Amino acid sequence: MSVKILMVCLGNICRSPLAEGILRSKLSEDFIVDSAGTGGWHAGQLPDKRSIAIAKSKGLDITNQKARQFKVSDFTTFDHIFVMDNSNYKDVLALAPNEEAKSKVKLILNELFPNENVDVPDPYYGGQDGFENVFDMLDQACEEIARKLKR
Ligand code: 4NP
C-alpha cells in the first residue's frame, strides 16, 4: 500500500498546493501526495497565480491541482498530515476523532526546526517575494520529509 501524505493550509490555494507539488517532485509514484484547506471558500479553484508562478520558475507545474476542503475521512485516508501553521493545527486537531488521528498531524516546519512550532507565513495578502520565501521554506521541509520517507 502506498504511503499517503496530505498538506493542509487555510485556503488550499497558496501554501499547501506548493507543498503538495514540491513533495511530489521529490518522491516516486509509489507515494500519494494531496492537499486541502481547513476552509472551503476556494474549493474547485486552481492555486493562486503567484503560487503557480513561483512553482513554474522552479520547474514545477501545479496547474493540475484543485482546491478542496479538509474532511474528517482524511484522517483515515492519509498516513501523514502536515499543516502549515499553528492556526491550521488547531483547526485540524479539533476535527480529529481519536488519538491516532491526532498523532498524524504535524507542523511542517517542525521537520526543520523540531519542537519550535514555527509557522509557514500566509503569503496571501503580500507580494511575490512572500511566495518565494514560502517556496524556499517548503522546499527545505519537503526535502527532509522525503529523506525520512525513503529510508
Ligand atoms: P493559503 O492562503 O491558506 O496558503 O491557501 C490563503 C488563501 C486564501 C485566504 C487566506 C489564506 N482567504 O482568506 O481567502
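Per numbering that gives the first Met the number 0, residue 0 is the first one in the sequence shown, and the count goes up by one each step. Here a beta-carbon is modelled for each residue, glycine too, at the ideal position from N, C-alpha and C. Predicted model only: the values in this text are computed from it and were never measured.
Comparing alpha-carbon positions, the option among Asp84, Met83, Val104 and Phe81 lying closest to Leu92 turns out to be Val104. The continuous beta strand (DSSP E) containing Lys3 extends over residues Val2 to Cys8. In the three-state reduction of the DSSP assignment, Ser27 falls in the coil class, being assigned neither a helical nor a strand state. The alpha helix (DSSP H) runs lying completely inside the region 35 to 61 and spanning 4 residues or more are 48 to 56, given in chain order. In the structure shown, Leu94 falls within a coil segment according to DSSP collapsed to helix, strand and coil. In the structure shown, the three-state DSSP call for Gln68 is strand. Pairing Ser24 with Val7 gives a Cβ-Cβ distance that is not under 8 Å.
Val32 has its alpha-carbon roughly 17 Å from the corresponding atom of Phe134.
Burial state of Thr37 is buried, judged by a 10 Å Cβ sphere holding 16 or more other Cβ atoms.
A buried status is given to Phe69, since no fewer than 16 other beta-carbon atoms sit within 10 Å of its beta-carbon. Under DSSP, Lys105 shares a beta bridge with Phe81. DSSP, reduced to helix, strand and coil, places Asp121 outside both helices and strands of the structure shown, so it counts as coil.
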